[in-house]
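Take a look at the structure below.
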Amino acid sequence: MSEQSPRPRKPGKPYRRPQKDPVRFLAFEALRAVDERDAYANLVLPPLLRKAREKGDFDARDAALATELVYGTLRKQGTYDAIIASCVDRPLREVDPPVLDVLSLGVHQLLGTRIPTHAAVSASVELARVVLGDGRAKFVNAVLRKVAQDDLDTWIERVAPPYDDDPEDNLAIVHSHPRWVVSALWDSLGGGRAGIEDLLEADNERPEVTLVARPGRSTTEELLREEAAVPGRWSPYAVRLSEGGEPGAVEAVKEGRAGVQDEGSQLVALALANAPLDGPDEKWLDGCAGPGGKAALLAAVAAERGAMLLASEKAPHRAGLVAKSLAGNPGPYQVIAADGTRPPWRPGSFDRVLMDVPCTGLGALRRRPEARWRRRPEDLEGFAPLQRDLLRTALESVRVGGVVGYATCSPHLAETRAVVDDILKQYPHTELIDARPLLPDVPALGEGPDVQLWPHLHGTDAMYLALIRRTG
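Residues in the sequence shown are numbered consecutively from 35, following this note's numbering.
See the structure below:
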């Protein structure tokens, strides 16, 4: 019996096996993990890149391109979906997710990079042949050739409604955010087109890597000796790595004496640590300590003052991450796995309490662009009772004269001021402290007494902080 060809051949045109492009194949793998397993790209991508380097498939330029393809595609997913939807003959939900991932990668190369059109189309079709088969590769080819006929601005003008007709839908498509997120962020900003556009644009920019020099263990002077390192903007312990800086290569980070921590997160911890206090200042609590960045900074500052930190985290595996972050702290500390809504400690045990509560994470969309597509308005209802319970615990855990810091990595009013206002009505023997003087030299902090940081104004995640003193 004669050997059969793997594909029917046209006369004079031999079958060519598809060629696997390691960069685009890895980017596709990362997007599938994000889609199928609800993984986060910032957790999925590094091990994939490391494995590729170990196999010898990648150099630094390959890694940079793969990273851009993954994050660029995720950030602009909403815009690209609208464009793809106008180029296919069926509802987008009926396009198989792996096909949509290949299409999105191709559209990003066409409209979001400087890759030549012919290279973007041919590389995407070749990827489709590898991961989808020849039949669906033809579909990918047809769609991408339609997309390639115009540039991004022309496509946006075509698929987005005019701003004057529907401002929120226009901004949602132009800046690739769900409409409800646009609306919520706009409410938090207090109106004005310029502010919301600046914020949405900042959400789609690649964030800088920021390091923290943990007091007593490292210094900013040490970190600034690293290549591509520049001083932080606001925190005295912050050092930024310009593009290309690799935090994993920094000796102090490898040894745990420094860490990767957004400057907004540092400011929240330092504001609580520096809030004026009546009476002793010996026992501090981080009541939602995972994964440990704020706890490590608080513990180091506490050690300088002769105070100790108790770091509590409900999930045991996250408590393990906290313990790893605090290992080597120069002063006393303790890490426990405990439910912050049913604390094992006695009421009034602490002088300072930080509650950085679980939230929608809408303040960190620069770092986790896929989160914007996973969150739903109804998620707010799920977080609301827990946020209120944790703030109650914080107020009951602090002694009279002590200070509580309520923090979220979300600017949504339902997770910030609404929570604080509701709980303070139940606790009349409390007062809000003006947090703004505790963030010296940081501009545009609003009317107070609470503080909302913003990516477009401060270059940080959109961290919220309210400081509350217990008066009775």
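Glycine residues also receive a C-beta, built at the ideal position from the N, C-alpha and C atoms.
These numbers come from a predicted model, not from an experiment.
Between the alpha carbons of valine 485 and tyrosine 367 lies a gap of roughly 28 Å.
Residue range 342-347 is occupied by the beta strand (DSSP E) that includes glutamate 347, with no alpha helix (DSSP H) assigned at that position. Cβ-Cβ separation between phenylalanine 62 and leucine 139: approximately 6 Å, consistent with a contact (criterion under 8 Å).
Looking at the DSSP output, valine 432 bridges to Phe384.
Restricting attention to Ala86, Leu145, Thr394, the CA atom closest to the CA of glutamine 111 is found in Leu145.
Here the alpha carbon of tryptophan 214 sits roughly 28 Å from the alpha carbon of glutamine 143.
Close CB contacts of proline 325 within its chain, under the 8 Å cut and outside five residues either way in sequence, are with Arg352, Leu355, Val356, Ser359 (chain order). Annotation note: the segment 197-224 contains the following uninterrupted alpha helix (DSSP H) runs of length 4 or greater, listed N- to C-terminal: 201-208, 213-223.
Apart from the 5 residues on each side of it in sequence, valine 432 sits with its Cβ closer than 6 Å to the Cβ of Phe384, Val387, Val438, Arg504 in its chain, given in chain order. Beta-bridge partners assigned by DSSP to aspartate 390: Ala441. Burial of glycine 298 is indicated by the presence of at least 16 other C-beta atoms within 10 angstroms of its C-beta. Per DSSP, the continuous beta strand (DSSP E) segment holding tyrosine 367 begins and ends at 367-371.
Secondary structure of isoleucine 457 (DSSP, three-state): helix. Ranked by Cα distance from valine 243, the first of Arg408, Gln421, Pro419, Arg401 is Arg401. Fully contained in the segment 113-176 are the following alpha helix (DSSP H) runs of length 4 or more, in chain order: 131-145, 151-165. Excluding sequence positions up to five before and after arginine 170, its CB lies within less than 7 Å of the CB of Val133, Ala162, all in the same chain and listed in chain order. Sequence-distant partners of proline 403 (beyond 5 residues in either direction) whose C-beta falls short of 6 Å from its own C-beta, in its chain, are Leu108, Arg109.
For the options Pro392, Phe417, Asn308, Arg240, the alpha carbon positioned closest to that of alanine 441 is the one of Pro392. Within the DSSP secondary-structure output, proline 265 pairs in a beta bridge with Val273.
Within the segment 69-104, not a single complete beta strand (DSSP E) segment reaches 3 residues in length.
Rounded to the nearest whole angstrom, the CA to CA distance from threonine 375 to valine 181 is 52 Å. Collapsing the DSSP output to three states places threonine 464 in a strand. One thing to note: proline 445 has its Cβ within 8 Å of the Cβ of leucine 396.
In this structure, Gly506 is the residue among Gly506, Thr450, Pro483 with its C-alpha nearest to the C-alpha of threonine 464. Contact between alanine 119 and leucine 60 does not hold, since their C-beta atoms are separated by about 27 Å, which reaches or exceeds 8 Å. Aspartate 232 and glycine 106 have their C-alpha atoms some 18 Å from each other. Proximity of the segment 240-255 to the segment 217-228 falls short of the contact definition, fewer than three beta-carbon pairs being nearer than 8 Å. Rounded to whole angstroms, aspartate 96 and valine 155 show a C-alpha spacing of 18 Å. Beta-carbon to beta-carbon, alanine 292 and valine 284 are separated by about 7 Å, close enough to satisfy the 8 Å threshold.
Contact holds between the segment 414-432 and the segment 445-458, because three or more Cβ pairs, one in each stretch, are under 8 Å apart. Counting C-beta pairs closer than 8 Å gives fewer than three between the segment 257-274 and the segment 201-216, which falls short of the contact rule. Taking a contact as a CB-CB distance under 8 Å, the pair glutamate 202 and valine 216 counts as one, their CB atoms being some 5 Å apart. For tryptophan 189, the CB contacts under 6 Å within the same chain, skipping 5 residues up- and downstream, are Ile117 in chain order. The criterion of a C-beta distance shorter than 8 Å is satisfied by valine 476 and histidine 492. Straight through space, the alpha carbons of aspartate 373 and arginine 339 are spaced by roughly 28 Å.
Shown here, lysine 317 sits in a strand according to DSSP, grouped into three states.
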